[in-house]
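Just so we're aligned: 186 in my numbering is position 55 of the sequence shown, and the numbers increase by one with no gaps anywhere.
Read the structure below first, then the notes.
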Amino acid sequence: MIALAIVAPAWLFASCFGLSIASALLPWLNGEAVVISFAVLMRSPFDLAVLTMVAVAGQVLGKCVLYRVAAGARRLPACRDGRFAGWLERLRQGRVRPAAVVFVSSLVGIPPLYLTTMAAGAAGMRFPLFLGAATSGRIIRFAAVAFAPGLVIHS
Numbered sequence: 132m133i134a135l136a137i138v139a140p141a142w143l144f145a146s147c148f149g150l151s152i153a154s155a156l157l158p159w160l161n162g163e164a165v166v167i168s169f170a171v172l173m174r175s176p177f178d179l180a181v182l183t184m185v186a187v188a189g190q191v192l193g194k195c196v197l198y199r200v201a202a203g204a205r206r207l208p209a210c211r212d213g214r215f216a217g218w219l220e221r222l223r224q225g226r227v228r229p230a231a232v233v234f235v236s237s238l239v240g241i242p243p244l245y246l247t248t249m250a251a252g253a254a255g256m257r258f259p260l261f262l263g264a265a266t267s268g269r270i271i272r273f274a275a276v277a278f279a280p281g282l283v284i285h286s
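Dropping the structure here:
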């Protein structure tokens, strides 16, 4: 019985990690729903903090895959010519700070992080900058989502 109590959270965290990766790659699977579904099963604030970091790690890992796919697509002949090339050039020369857009997107969800990730990769945003902005925004967002049920239940 005691061994089950120790192993169960590990399985919960592993499941959350996998579903977080899936939610990063599949826009119809909501990452916040994944986090809140697992948050109600956690026993302590420490478990919620670990859950937050696990969900962020999975979500950002999935977004890194999308980023790399978009960065690779930029090299395709169809993407170097025509409307797509013009769109990328306008994006690169814009007055908007790309890290700020990724951070806001990862924090509030507008514009959707899925699209922002693809645009960042396609536009050639530096990967460490993307990674830092996406991770910091997701930590704040997922921590708020994970700890929210406890605030409502204990009030």
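Heads up, the beta-carbon is just placed ideally off N, CA and C, and yes, glycines get one too.
Exposed unless 16 or more other CB atoms sit within 10 angstroms - verdict on residue i
i	result
Arg-126	One cannot answer for residue 126 here, as it falls past the ends of the chain, which runs 132 to 286.
Pro-176	exposed
Pro-259	exposed
Pro-229	buried
Ala-265	buried
Arg-269	buried
Gly-162	buried
Leu-191	Here residue 191 is Val; the residue named in the question, Leu, does not match the sequence. Label assigned to Val-191: buried.
Ala-145	exposed
Ala-251	buried
Cβ-based neighbour list, residue i, same chain, cut-off 8 Å, excluding 5 preceding and 5 following
i	result
Val-196	Ala-155 and Leu-156
Pro-242	Val-232 and Ser-236
Arg-199	Gly-252
DSSP state of residue i mapped onto helix, strand, coil
i	result
Arg-199	helix
Gln-224	coil
Pro-242	coil
Trp-159	coil
Leu-207	coil
Val-171	coil
Close-in-space but distant-in-sequence residues of the same chain around residue i (CB under 6 Å, 5 per side omitted)
i	result
Ala-186	Cys-147, Ser-151, Val-166 and Phe-273
Ala-277	Val-166, Ala-170, Leu-179, Leu-182 and Thr-183
Ala-279	none
Contacts around residue i, its chain only, beta-carbon distance under 7 Å, and the 5 residues preceding and following it disregarded
i	result
Leu-143	Phe-169 and Leu-172
Leu-160	Ala-153 and Ser-154
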